[in-house]
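Structure first, then comments.
Residue numbers (the numbering used here): 129 to 252.
Following this line, the structure appears as structure tokens:
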């Protein structure tokens with residue numbers, strides 16, 4: 129096997145513009161692709177410098193159910209500060225909690241896709 133990385137993770141959304149505002153304005157990601165395709169808009173975002181991007185898949189793009197993605201882990205250097213920023217933006221956050229592998233919190237995007245923030249414990 130010669131796999132090097134995941135290209136993209138699909139996040140099914142009901143409204144791509146609303147999702148884009150959340151991922152750009154609140155999570156601080158950048159647009160990596162935004163183009164019209166025969167089956168709909170191909171919209172991707174990612175943290176600056178990331179190899180793996182998130183496809184904000186709207187209606188008509190693959191038959192995905194909005195809000196059905198779970199367990200998307202976003203690594204951060206300061207989970208507490210990021211949780212405070214999310215709360216200030218009106219996002220409901222569970223945690224952060226201290227776990228053996230680091231400090232972790234959970235939240236959802238506007239469609240209910242499950243995301244987590246993790247500050248990894250050194251040496252784990």
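Note that beta-carbon positions come from the ideal geometry of N, C-alpha and C, so glycine has one too.
Between the CA atoms of residue j and residue i - distance to the nearest angstrom
i: residue 219; j: residue 129; result: 40 Å
i: residue 241; j: residue 139; result: 7 Å
i: residue 131; j: residue 178; result: 16 Å
i: residue 194; j: residue 212; result: 26 Å
i: residue 185; j: residue 175; result: 17 Å
i: residue 199; j: residue 229; result: 16 Å
i: residue 145; j: residue 210; result: 23 Å
Where residue i sits in the DSSP three-state scheme
i: residue 146; result: helix
i: residue 246; result: strand
i: residue 154; result: helix
i: residue 170; result: strand
i: residue 131; result: coil
i: residue 196; result: coil
i: residue 175; result: coil
i: residue 230; result: strand
Sequence-distant residues of its chain with Cβ nearer than 6 Å to residue i (five each side left out)
i: residue 207; result: 224, 231, 233, 245 and 247
i: residue 217; result: 154
i: residue 182; result: 137, 139 and 173
Close Cβ partners of residue i (< 7 Å) along its chain, the five nearest in sequence each way excluded
i: residue 203; result: 246 and 248
i: residue 167; result: 188 and 189
Where the alpha helix (DSSP H) through residue i begins and ends
i: residue 214; result: 207 to 216
Chain-order list of residues whose beta-carbon lies under 8 Å from that of residue i (same chain, five-residue window excluded)
i: residue 192; result: 138, 140 and 185
Bounding residues of the beta strand (DSSP E) (the contiguous stretch that carries residue i)
i: residue 220; result: First-last for residue 220: undefined, no H or E at that position.
i: residue 252; result: Where residue 252 is concerned, there is no enclosing beta strand (DSSP E), given that its DSSP letter is neither H nor E.
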